[in-house]
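This report refers to the structure that appears directly beneath it.
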Amino acid sequence: MISPSMRAARFVGGRRIELQELPVPEPGAGEVLVKVDSCALCGTDRRSYETGTAVVPGHEVSGTIAALGQGATHALDARGVVYLVGYCGSCYACRSGATNICLDKQKMYGFDTDGGYAEYVKVRAECFLPVSPDVPLDLATSLLDLYGTSGHAFRRAGLRHGDTVAVMGCGPIGLGAISMAGALGAGEVCATDLAPDRLALADSLGATALDAAGGDAVAAALALHPDGFDVVIEAAGTTATQAGAVALTAPGGTTAFVAHNQQPLLVDTLSELIQRAKTLLGSEYFAVSEFGVNHALLVSGRLDPAPLITHRFPLESIQEAFDLFMAGRGGKVLVQPAG
Ligand SMILES: [Zn+2]
Ligand SMILES: [Zn+2]
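Counting in the numbering used here, the final residue of the sequence shown is number 338, and the numbers go up one at a time with none missing.
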């Protein structure tokens, strides 16, 4: 029996988060109600944390189906994760399979519609992606931003077996990219960051970790690989790290920009784009069609998210979870409303 009300986080602004009691949402036609197991914190929650928001944030959700709306075909108690984008299915992007860049997004869970820092979240049935019984629900969140986003970036970049990879920024996406690089058969991986515990995590995942706080990490990476790297993932999102990412890219190689940054990209067109033939591309989230491949990598053990998930908090401690995560500490941090 589902109680009529639930606990949910309210981001009031000024980095303050309170708990509120809200009615449990009722799934409408084509929707499902998900009982949230885990919701992973993301750098893109920063805006809600700092300025507040009217919706319940949280977009890296795993859970079980607690109720079905009319016409929703999933099974009750099905386990799975929530795809962030309520895609339209009929625009130019969706018709080509690129649901991640839908041009007519109906909903963005946790951004313009209530998300997962709550006991329950209501989502469109096609946004609920079932996972195998072999995958624990806390670890299943890794199939979203961690591996979904980084896997898409590598596929966009055309990563080939044995390619060298550099990762700028060892937040969750960067750490996910280090793991995904290995799972996809990349060669050596170098990674840069400022935070000691994130560098330690990168090192434990097999990357050569370069401390950007202790000097020029780009120069250090180029000292190791004077020709540059075949694929560079920019997961830090500053003007300086973007320039560094392009500088680290080998002639003929690819820079994939994943971290959000609204500032203009500063690139020397002649020397970088034309004379060194570097490909620069952007990459956002992942297409629904990629989920099965990433899920198979997880089930096979080629991806192991356990070391990346460094902290777990009950919903009551969401303030503590955010204060820790937004200070640049730890890897992936989970809030677990089910306790
Ligand atoms: Zn995210
Ligand atoms: Zn669309």
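Built from N, CA and C at the ideal position, the CB exists for glycine as well. The model shown is predicted, which means the values in this text are computed figures rather than measured ones.
Here Ile273 is exposed, its C-beta having fewer than 16 other C-beta atoms within 10 Å.
Put simply, the residues with a CB less than 6 Å from any heavy atom of ligand 1 are Cys41, Thr43, His58, Glu59 and Asp144, in chain order.
Between the segment 147 to 157 and the segment 84 to 93, the count of Cβ pairs shorter than 8 Å is below three; the stretches do not touch. Within the segment 252 to 336, the runs of alpha helix (DSSP H) at least 4 residues long that lie entirely inside it are, in chain order, 290 to 298 and 317 to 325.
Shortest gap from the CB of Tyr82 to any heavy atom of ligand 2: 8 Å or more. Residue pairing from DSSP places Phe228 in a beta bridge opposite Thr248. Considering only Asp111, Gly115, Pro22 and Thr98, the residue with the shortest C-alpha distance to Asp36 is Gly115. At a cut-off of 8 Å, the beta-carbon of Gly150 does not count as near ligand 2: no heavy atom of the ligand is closer than that. Here Gly252 has Gly227, Phe228, Asp229, Val230, Val231, Lys277 and Thr278 as same chain residues with Cβ atoms under 8 Å from its own Cβ, once five neighbours each way along the sequence are excluded.
Contact check between the segment 78 to 92 and the segment 306 to 317: fewer than three CB pairs, one atom from each, fall below 8 Å, which does not count as touching. Per DSSP, Pro22 is one residue of the beta strand (DSSP E) stretching across Arg15 to Pro22. Excluding five sequence positions before and after Ser141, the CB atoms of its chain that fall closer than 6 Å to its own CB belong to Pro304, given in chain order. The residue from Thr50, His58, Glu20 and Met167 with its alpha-carbon nearest to that of Tyr284 is His58. The C-alpha of Gln105 lies about 27 Å from the C-alpha of Ala255. Exposure of Thr238 is indicated by the presence of fewer than 16 other C-beta atoms within 10 angstroms of its C-beta. Around the CB of Asp44, 16 or more other CB atoms lie within 10 Å, so the residue is classed as buried.
When the beta-carbon positions are compared, Ala199 and Val166 stay at least 9 Å from each other. In this structure, Asp202 keeps its C-beta atom at 9 Å or more from the C-beta atom of Gly168. By the beta-carbon neighbour count (other beta carbons within 10 angstroms, threshold 16), Pro263 is exposed. In its chain, beyond the 5 residues on either side, Ala39, Pro171, Leu307 and Ile308 have a beta carbon closer than 6 Å to the beta carbon of Lys331. In the DSSP annotation of this structure, the continuous segment of the alpha helix (DSSP H) that includes Val217 starts and ends at Ala216 to Leu223. The C-beta distance from Leu314 to Ala8 rounds to 7 Å, short enough to meet the 8 Å contact threshold. Remark: C-beta atoms of Tyr119 and Ala65 approach each other more closely than 9 Å. Going by beta carbons, Val298 and Ser131 fall inside the 9 Å limit. Three or more beta-carbon pairs drawn from the segment 153 to 164 and the segment 182 to 189 are found closer than 8 Å, and the two stretches are therefore classed as touching. In terms of Cβ geometry, Arg301 and Gly181 form a close pair [threshold 9 Å]. For Glu30 against Ala124, the beta-carbon gap comes to about 6 Å, under 8 Å, which counts as contact. By alpha-carbon distance to Asp111, the top candidate from Arg275, Ala190 and Gly51 is Gly51. Val287 sits buried, since 16 or more C-beta atoms from the chains shown fall within 10 Å of its C-beta.
By alpha-carbon distance to Tyr108, the top candidate from Thr240, Arg78, Ala320 and Ser61 is Ser61.
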